[in-house]
Amino acid sequence: MCVVGSANLDIVVQVPRHPVAGETVLGGDHARIPGGKGANQAVAAARLGRRVGFVGCIGNDAAGVELHDALDGDGVDVTNLRIVEEAPSGIALISVGPDGDNSIVVSPGANAHVSEADIERAGPMLAAALVTLLQLEVPVETVTEAAESAGGLVLLNPAPAQALTSRLLESVDVLIPNETELALLSGSDLATTFDEVVDQARLLPSARTVVTLGAQGALLVDETTVHHQAAPPVTPVDTTAAGDSFCGALADVLAEGGSLVDAIAWGVMVGAATTLRPGAQSSLPTAAEVADLLELP
Ligand code: RIB
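Numbering (this note's numbering), first residue to last: 4 to 300.
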């Protein structure tokens, strides 16, 4: 499979509570952890055993070396990871609260330079991939080009949320928003019931939508069917990258030829297990670790 997206160095601080505007909050020591939605999703699938190629950009700096080595160390094909001179590597400033909830500010840096030319260069990889997984931390024109160049299934995790063209949404086989992203894309208020989630999903031109619901699991909606998958109960320490590992796991099952229902069942397990360890790529589990972390029989 192929992932086109961002790589960020995450600067993570545990906080007793998230600051409001104008406020300073004292937190713990910071940690530097490889992250970025694209790189996280690539590593998530690689740790589950999938062969993954990554298309993205890093800066010519120390953070770029860390991000490259993290992907490479997990066996991700980095042939199409380009070093740019015009910008530093992407970074994300992340505060994590006592309940594992996070607040994230991303400085895209090199990620903003992932271009349509990068997609052209990666053409053979995209054409051959059974699944291409996309997010929105690189320019949306590039995401659109990637969706249209992909030879296999196209999955889009529309995060961070932004309005999208019908042209892009129509090229997507499976859209994977959370409830906030779904509300924005459908021009609605945040849904408060499953029925509202279903109605909003059906307003979108994508063929199938998988709405991630955090602790409540995920909802698969297409024209005629609705399927709810509950998540295993967990007490999260850090929810960072749980959505990314869900997407990576979903893509992994689909690349194996599995059904979307099976993919969602595995995705909620992997996502839940990810919340039990801190950080982004530091928390992404192998299949054996999912079983251990969730104490499965
Ligand atoms: O989804 C989590 C990720 O969002 C973090 O790793 C951070 O880099 C931001 O991209």
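Glycine is no exception: its CB is placed at the ideal position from the N, C-alpha and C atoms.
So, with DSSP's three-state summary, where would you put residue i?
i: Ser191; result: coil
i: Asn181; result: strand
i: Leu136; result: strand
i: Gln165; result: coil
i: Ala153; result: coil
i: Thr82; result: strand
i: Val99; result: strand
i: Pro127; result: helix
i: Arg211; result: strand
i: His21; result: coil
i: Asp104; result: coil
i: Leu51; result: coil
i: Val87; result: strand
i: Gly93; result: strand
i: Gly246; result: helix
i: Asp265; result: helix
i: Arg35; result: strand
i: Asn160; result: coil
i: Asp241; result: coil
i: Leu12; result: strand
i: Glu226; result: coil
Under 9 Å, do residue i and residue j count as touching if we go by C-beta distance?
i: Gly301; j: Asn181; result: A question about residue 301 goes unanswered here, because the residues of the chain that appear run from 4 up to 300.
i: Pro28; j: Arg20; result: The residue asked about is misnamed: residue 28 is Val in this sequence, not Pro. Yes, they are a contact pair.
i: Leu263; j: Leu279; result: no
i: Val175; j: Val200; result: no
i: Gly41; j: Gly59; result: yes
i: Thr147; j: Arg170; result: yes
i: Gln138; j: Cys250; result: yes
i: Ile94; j: Ala73; result: no
i: Ala234; j: Met272; result: yes
i: Phe57; j: Val79; result: yes
i: Ser209; j: Leu178; result: yes
i: Val7; j: Ala149; result: yes
i: Val237; j: Ala266; result: no
i: Ser98; j: Val18; result: yes
In terms of DSSP beta bridges, what is residue i paired with?
i: Gly112; result: DSSP lists no partner for Gly112.
i: Leu279; result: DSSP, once it has assigned bridges, lists no residue as partnering Leu279.
i: Gln232; result: Ala221
i: Phe57; result: Val6
i: Gly62; result: Val87
Using a 10 Å radius around the Cβ and a threshold of 16 neighbouring Cβ atoms, would you call residue i buried or exposed?
i: Gln284; result: buried
i: Leu257; result: buried
i: Thr242; result: buried
i: Leu12; result: buried
i: His33; result: exposed
i: Asp255; result: buried
i: Val75; result: As written in the sequence, residue 75 is Asp, which differs from the Val given in the question. Answer is exposed; the Cβ neighbour count stays below 16.
i: Leu296; result: buried
i: Gly25; result: exposed
i: Arg50; result: buried
i: Thr215; result: buried
i: Thr196; result: exposed
i: Val23; result: exposed
i: Asp121; result: buried
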